[in-house]
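Visitor: Numbering (the numbering used here), first residue to last: -3 to 331. Please read through the structure below; I'll follow up with questions.
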Amino acid sequence: MELRTAIIGMGKMGRIRKHELDIHPGFKVIGVCDLYEDFSEEFSDCLFFTKWEDVFSLNLDVVFVCTYNNISPDIVCTALENNCHVFCEKPPGRSVSDVNRIIQYESKAVNKVLKFGFNHRFHYAIMEAKSAIDSGRYGKILCARGIYGKAGGLGFEKNWRADKDIAGGGILIDQGIHMLDLMRYLVGDFVEVKSFVENLYWKKINMEDNAFVLMKTENGQVAMVHSSATQWKHKFSLDIFLENGYICINGLLTSTRSYGEESITFAQKQFEDKAQAIGRPREETIFFDRDDSWRLENEEFYACIIEGKKIHHGNTEDALKVMELIEKIYQKSGS
Ligand SMILES: NC(=O)c1ccc[n+]([C@@H]2O[C@H](COP(=O)([O-])OP(=O)(O)OC[C@H]3O[C@@H](n4cnc5c(N)ncnc54)[C@H](O)[C@@H]3O)[C@@H](O)[C@H]2O)c1
């Protein structure tokens, strides 16, 4: 079945989504929309709109929302009202109240699928980590440590991400949200939070460029997250320590390759009675050369639409819980 699809917001993510939808046999992109009319030439294979409300004249099955954070909840709600299945990029708006509004519209939309783009769950290293944790061979998780950092960059202070009214928050809501979602996904829900949310360098943006977070689950597992826009060399690392060993993810395959090669290392804990060396256990490392996360996200979304199943990755509960966590992190830091 071919789903009549429109994409709203044709910047970086809109283009990635269009490329992926064009090669998926189940979606037919019939319309795209962006504020910049100049983009229309690039998308001559479908109808081009400059007002997002106008795409609903197309009798659509599906809408992809790839705009700025301030407008995405309005578009999601309108799309649900217009009987469309909806895929929305992270973050799911700027606040918990945005997500609650979306949930109200979702509850009124009959048999409509709503998915948010937490694509990191579909990176191969993350999928390997999840299946190793779930296998139980390393025992229970004790603690985890995640670092996700980027450099800001030349246009950083002029980008929409630097405008609080549009973005809703700084690096934490933009990039840190992925690491928080992964922590929830791999470790569990956090009931206690301590944080420093700081503006250390990008003074003109008037929002955080670094967030340091400590979180604890009901079972006492502790996770530590550092989200940064002053990580001058891009970095993604996620270490998970379990009763019987550890799992370390380093690097993340992205289009720019700036986060380095994606790898996962597994080891069973090993004491000196087994190996004559303390703290240097035998490790197994797997490297990945493909990022299929966008394709795999589309596949889950399509399968849920066609088979009437519930979204497992990036459903509204995930969206709500991660936004609640973000608000708690801001509150605890007093920012
Ligand atoms: N999953 C990921 O890893 C990932 C990566 C990057 C961005 N994102 C998310 O995707 C979204 C878009 O980010 P981006 O990097 O593509 O930004 P971008 O600036 O490259 O593109 C956004 C586009 O939306 C358009 N737009 C904004 N308001 C609009 C409106 N009212 N009507 C029509 N078009 C409108 C802009 O003109 C722009 O072209 C953001 O929510 C961002 O957080 C997700």
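Note that CB positions come from ideal geometry on N, CA and C, so glycine has one too. In this text the structure is predicted, and so the values were computed from the model without any measurement.
Name the DSSP bridge partner or partners of Cys62?
Guide: Looking at the DSSP assignment, Cys62 forms no beta bridge with any residue, so it has no partner.
Visitor: Taking the continuous beta strand (DSSP E) assigned at Phe144, which residues delimit it?
Guide: One point to set straight first is that residue 144 is Tyr, not Phe, in the sequence displayed. Looking at the DSSP string, the run of the beta strand (DSSP E) that includes Tyr144 is 137 to 145.
Visitor: Cβ of Tyr144 within 7 Å of Cβ of Met123?
Guide: No.
Visitor: Arg90: buried (16+ other C-beta within 10 angstroms of its C-beta) or exposed?
Guide: Buried, since its Cβ has 16 or more Cβ neighbours within 10 Å.
Visitor: I'd like to know whether the C-beta of Val318 is nearer than 7 Å to at least one C-beta of chain D.
Guide: The structure shown contains no chain D; it is built from a single protein chain.
Visitor: Would you say Trp290 touches ligand 1, meaning its beta carbon is less than 6 Å from a heavy atom?
Guide: Result no, Cβ not under 6 Å from ligand 1.
Visitor: Give, in chain order, every unbroken run of the beta strand (DSSP E) that is at least 3 residues long and sits entirely within the region 179 to 236.
Guide: Here the runs fully enclosed are 186 to 194, 206 to 213, 218 to 224.
Visitor: Looking at Ile245: is its Cβ nearer than 7 Å to the Cβ of Ile260?
Guide: Yes, the pair counts as a contact, with Cβ atoms nearer than the cut-off.
Visitor: Classify Ala105 as helix, strand or coil using the three-state DSSP reduction.
Guide: DSSP places Ala105 in coil when its eight states are reduced to three.
Visitor: Can you tell me whether Phe267 is helix, strand or coil according to DSSP?
Guide: Coil.
Visitor: Under 8 Å by Cβ, that's how I've got Glu251 and Gly172 pegged, so tell me the actual separation to the nearest angstrom.
Guide: The sequence shown places Ser at residue 251, not Glu. That belief does not hold up - the Cβ atoms of Ser251 and Gly172 are roughly 20 Å apart, past 8 Å.
Visitor: Identify whether Tyr326 lies in helix, strand or coil by the three-state DSSP scheme.
Guide: Three-state DSSP puts Tyr326 in a helix.
Visitor: Would Asp130 be called buried (16 or more neighbouring beta carbons within 10 Å of its own) or exposed?
Guide: By the neighbour-count rule (16 or more Cβ atoms within 10 Å), Asp130 is not buried but exposed.
Visitor: What would DSSP say about Ile243, mapped onto helix, strand or coil?
Guide: Correct three-state label for Ile243: strand.
Visitor: Shorter than 6 Å, the distance from the beta carbon of Tyr255 to the closest heavy atom of ligand 1, or not?
Guide: Not under cutoff, so the answer is no.
Visitor: Unbroken beta strand (DSSP E) runs of length 3 or more, entirely within the region 6 to 75: which are they?
Guide: Counting whole runs of 3 or more residues, the region 6 to 75 contains the beta strand (DSSP E) stretches 23 to 29, 43 to 45, 58 to 61.
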